[in-house]
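J.: Under our numbering, think of the first position of the sequence shown as 122, with each following residue one higher.
Cβ coordinates follow ideal geometry from the N, Cα and C atoms, glycine included.
The structure displayed is predicted, hence computed values, not measured ones.
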Amino acid sequence: MSQLNGGKAEILKRIYLGAEAEILLHHMLDVEVIVKRRVSKSYRNPHLDRKINERRTLHEATMMKRAREAGVCTPFIYHINPKRAV
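#1: Determine whether the Cβ of Glu131 lies closer than 8 Å to any Cβ atom of chain D.
#2: At the level of alpha carbons, what is the spacing between His148 and Asn166?
#3: Given that a residue counts as buried once 16 or more other Cβ atoms are within 10 Å of its Cβ, and exposed if not, what is Arg187?
#4: Mark Val207 as exposed unless 16 or more other C-beta atoms lie within 10 angstroms of its C-beta, in which case mark it buried.
#5: Between which two residues does the beta strand (DSSP E) containing Leu146 stretch?
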């Protein structure tokens, strides 16, 4: 089990593991959702790594929102947790 948005979410499977993030299929509130979790870099200073991942997570969500508002078909974002880079 994994914690997502304060509730329990069951990881169904890992879809992809890359250098920057892992993509997971979760089951949350009777809905299958895709979760992107940024991977921490062990070679970076932990504080710097957290800040970089937080900023990238927020920036990506902002760009997806703006693209959707401009009429581009993008995935719907249910939840963002920049502190956990999710």
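T.: Inspection of the coordinates gives the following:
#1: Absent from the structure: chain D. Only one protein chain is present.
#2: 33 Å
#3: exposed
#4: buried
#5: 142–149
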